[in-house]
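Mind the numbering: the sequence shown is residues 202 to 319 in my numbering, read in order.
Here's the structure we're looking at; comments come further down.
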Amino acid sequence: MNIKLIKTEEDYELALQRLEDIFDAEPNTQEGDELEVLSFLIDSYEKKHFPIEVPDPIEAVKFRMEQLGIKQKDLAEVLGFKSRVSEVLNKKRKLTLEMIRNLHERLNIPTNVLIQEY
């Protein structure tokens, strides 16, 4: 096992290649241990160099609606009146704390996504 920190793009590519080679390694073996350490190092490098931005709250709601097959009219019970749903989805009205709680509970959207400015 020859593991080192991933500092460059070349190191990253080599680590990914090695990970692919040992991907099916059995746990509690030398390769299994290498797989775990290498996975951690790759994850750390990716979080630093390829961060994933938190999505816009309204875009997250629209995306989740699409995933669940929910129409605007179905959100009326979550956000209030049908007209309020339209205002929120068109960014003419801000989400209230109650709306955020309801969206989190009913659509399972993380609150840290919903509380962002937009």
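In this text, a Cβ means the ideal position worked out from N, Cα and C, and glycines have one as well.
Item: Close-in-space but distant-in-sequence residues of the same chain around P258 (CB under 7 Å, 5 per side omitted); Value: L296, V314, L315, Q317, Y319
Item: For L242, the nearest candidate out of N291, E210, S287 (CA to CA); Value: E210
Item: First and last residue of the uninterrupted alpha helix (DSSP H) at K283; Value: 283 to 290
Item: Status (buried if at least 16 other CB within 10 Å, exposed otherwise) for V279; Value: buried
Item: P258 in three-state terms, based on DSSP; Value: helix
Item: Any non-hydrogen atom of the ligand ATP closer than 7 Å to D244 Cβ; Value: Of the ligands one can find in the structure shown there are none, so the ligand ATP has no counterpart to examine.
Item: Close Cβ partners of L206 (< 8 Å) along its chain, the five nearest in sequence each way excluded; Value: D212, L242
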